[in-house]
Amino acid sequence: MSARRTARRPEWDRSAVYIGGRWRETASGRTVEVENPATEAATGTAADAGAADAEAAVSAAAAAFPSWSALPPRERLAVLERVRGALERRRDLLVETTVAEVGAPLRVAREAHVDTGLDVLRAYLDAAGDLAWEERVGNSLVLREGIGVAACITPWNYPLYQVLAKIGGALAAGAAVVLKPAELTPLSAYLLTDAIDEADVPPGVFNLVPGPGRVVGEALAAHPGVDAVSFTGSTRVGARVAAVAAAGIKRVSLELGGKSASVLLPGADLEAAVPASVDAAMLNSGQTCTAWTRLLVPRADLDAALHLAAAHAGALVVGDPARPGTDLGPVVSAAQRRTVTGFIERAEAAGARIVAGGAERPAGLPRGHYVRPTIVTGVAPGAEIVQEEVFGPVLAVQPYDGVEEAIALANGTPYGLAGAVWGPDRDSAVAVARRLRTGQVDINGGAFNPAAPFGGYGRSGNGRELGRWGIEEFLETKALQL
Ligand code: NAP
């Protein structure tokens with residue numbers, strides 16, 4: 032099974048861009064190889080598009096926009112239902128592709144990447160059906176219209192989900208899309224485009240231009256024909272995208288990094304909260320923007336929490352992501368592995384205590400970009416490992432004295448994307464969650480909701496994705512006075 036799943040598939044050998052409803056070669060004819068992070072072997076190819084291809088895609092989207100946005104919403108939704116059906120028919124291939132290009136373990140690829148992506152698309156369809164596309168306000172008729180051409184720029188950590196979180200809202204709103212997926216993980220975007228092609232989405236409504244961010248991404252962000260830029264990625268690149276887009280007064284939505292805290296209040300169920308927090312920190316090898324990378328515990332519970340966290344992290348199975356039973360695959364690239372182990376080494380050099388894992392390679396895995404699930408403690412609130420996004424399987428455990436200090440620590444980074452509060456009862460946890468400067472908080476293990484708004488405070492970005500909020504990012508509002 033493992034050999035079959037890691038084998039190269041014909042669907043992964045691609046060289047074209049998708050513009051105006053048809054596949055065409057890039058202007059340069061160049062391609063790039065896609066690496067399997069578990070084997071370090073090439074697993075496919077993708078187009079290495081350039082600025083001329085971005086230009087052609089924006090023209091195609093601009094030409095398609097008027098009739099797409101003029102369709103009654105229910106007709107657009109019928110098209111998107113067909114896309115969802117075509118994706119469902121490719122579910123197994125999408126899972127296999129996610130394992131191959133991200134290194135996500137099978138279960139994570141199936142549940143967190145593909146099925147959650149499909150759930151998000153379903154929630155967009157439901158929200159669009161309920162949206163007030165027109166409403167009367169006094170003597171005005173207020174209309175909601177698609178914003179125009181939307182450039183969507185996405186990261187490699189959840190390549191299918193991140194794309195669906197953008198294009199589901201954009202297409203439902205009546206915008207026309209140009210997608211630039213991350214260079215490291217373009218293959219799921221190709222499969223999505225196959226589904227879009229099969230679903231007879233009108234030509235030009237969706238266009239795919241895989242290529243380097245600094246070339247294709249910047250060309251899209253700067254292009255005068257682009258009305259909205261929706262970016263998910265690092266805070267550093269997000270700032271650059273916003274600066275480039277500012278000259279054209281485009282709407283810019285930014286979904287950026289995070290350094291989220293899981294706060295255990297006195298009296299919380301440690302046996303439930305600690306393993307769940309470790310799992311949330313390690314999911315997708317820690318390459319999750321919402322990862323709870325800090326665990327805040329009452330000082331009296333520190334030893335017990337460390338014991339539980341180390342035992343849980345130590346029991347996680349690290350290895351071949353294609354093998355059922357694996358908990359953690361590799362991180363996405365050699366560069367990412369160096370980044371993550373560098374954080375661990377510097378934390379240790381600064382006096383942190385490593386209670387599980389560490390920077391050295393996991394035993395028995397000579398190839399692949401593997402990192403051991405790592406728990407550190409003895410870190411100051413201002414330490415690099417506490418303040419900066421690692422984007423790897425690393426959890427920092429910090430004790431606090433009193434709930435006020437817990438809230439101050441939780442709010443004490445420049446980020447504010449997600450987090451958790453665990454309390455002896457829901458009300459006490461909610462009371463603390465109300466004071467956290469962050470976009471999402473899970474209360475006592477509350478489940479992800481694909482219809483709820485998702486986005487960040489502070490340097491975690493601005494704008495919201497998912498459900499009604501994710502559609503509104505791509506809407507203009509017009510008032511007719513009657
Ligand atoms: P990244 O390096 O910022 O890249 C994100 C996307 O931007 C990629 O498609 C990249 O293209 C492109 N890009 C790079 N330079 C660009 C430029 N100058 N102009 C326009 N586009 C450019 O981020 P990443 O390393 O892929 O992803 C990890 C980061 O994403 C983490 O910080 C994580 O927290 C964040 N993230 C946030 C969320 C959220 O919803 N808040 C979700 C997931 C991830 P190439 O890669 O092809 O060069």
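First residue of the sequence shown: 32, per our numbering; consecutive thereafter.
Even glycine gets a Cβ: it sits at the ideal position worked out from N, Cα and C.
**Check: Q418 C-beta below 7 angstroms from any heavy atom of the ligand NAP** = Closer than 7 angstroms to some heavy atom of the ligand NAP: that does not describe the Cβ of Q418.
**Prompt:** Which residues in the same chain have their Cβ closer than 6 angstroms to the Cβ of A383, if we skip the five residues on either side of it in sequence?
**Reply:** V407, G409 and V410
**Item:** Near the ligand NAP: I184 beta-carbon under 7 angstroms from a heavy atom
**Value:** Correct: I184 has its Cβ closer than 7 angstroms to the ligand NAP.
**Prompt:** To the nearest angstrom, how far is it from the Cα of A34 to the Cα of R354?
**Reply:** With a pLDDT of 39 at A34, under the threshold of 50, the modelled position of that residue is not reliable, and the figure given next carries that caveat. For A34 and R354, the distance between alpha carbons rounds to 9 angstroms.
**Request:** Please report how far the alpha carbon of K509 lies from the alpha carbon of E165, in whole angstroms.
**Result:** Inter-residue distance for K509 and E165 is about 9 angstroms (C-alpha atoms, whole angstroms).
**Separation of I184 from E249, as counted between CA atoms** = In a straight line, the C-alpha of E249 is about 10 angstroms away from that of I184.
**T57 (DSSP reduced to helix, strand or coil)** = Of the three classes helix, strand and coil, the one that applies to T57 here is coil, per DSSP.
**Request:** With hydrogens ignored, establish whether the beta-carbon of N170 is closer than 7 angstroms to any heavy atom of the ligand NAP.
**Result:** no
**Asked** Can you name the start and end residues of the beta strand (DSSP E) that F237 belongs to?
**Response** That run of the beta strand (DSSP E) goes F237 to L239.
**V328 (DSSP reduced to helix, strand or coil)** = strand
**Item:** Beta-bridge pairing of R473 - partner residues as DSSP gives them
**Value:** Here residue 473 is Asp; the residue named in the question, Arg, does not match the sequence. A451, per the DSSP bridge assignment.
**Request:** Mind checking who Q429 pairs with in its DSSP beta bridge?
**Result:** Note: Q429 sits in a beta bridge opposite L327.
**Request:** Please check the pair T128 and L218, which I expect to be a contact at CB under 8 angstroms, by giving their CB distance rounded to whole angstroms.
**Result:** 5 angstroms
**Message:** Could you tell me the alpha carbon to alpha carbon distance between L174 and A163, rounded to whole angstroms?
**Reply:** 9 angstroms
**Bridge-paired residues (DSSP) for V461** = Paired residues: none, contrary to the question.
**Item:** Cα-Cα separation, E132 to A341
**Value:** 29 angstroms
**Prompt:** Any idea if I280 is buried or exposed, counting beta-carbon neighbours within 10 angstroms, 16 or more meaning buried?
**Reply:** Exposed, since its Cβ has fewer than 16 Cβ neighbours within 10 Å.
**Message:** Applying the 10 Å Cβ sphere with the 16-neighbour rule, what's the burial state of H343?
**Reply:** buried
**Item:** A250 in three-state terms, based on DSSP
**Value:** Per DSSP, reduced to three states, the secondary structure at A250 is helical.
**Request:** Give every residue of the same chain whose Cβ lies closer than 8 angstroms to the Cβ of E415, excluding the five residues on either side of it in the sequence, and list them in chain order.
**Result:** So the qualifying residues of the chain are F374, R377, A378 and A381.
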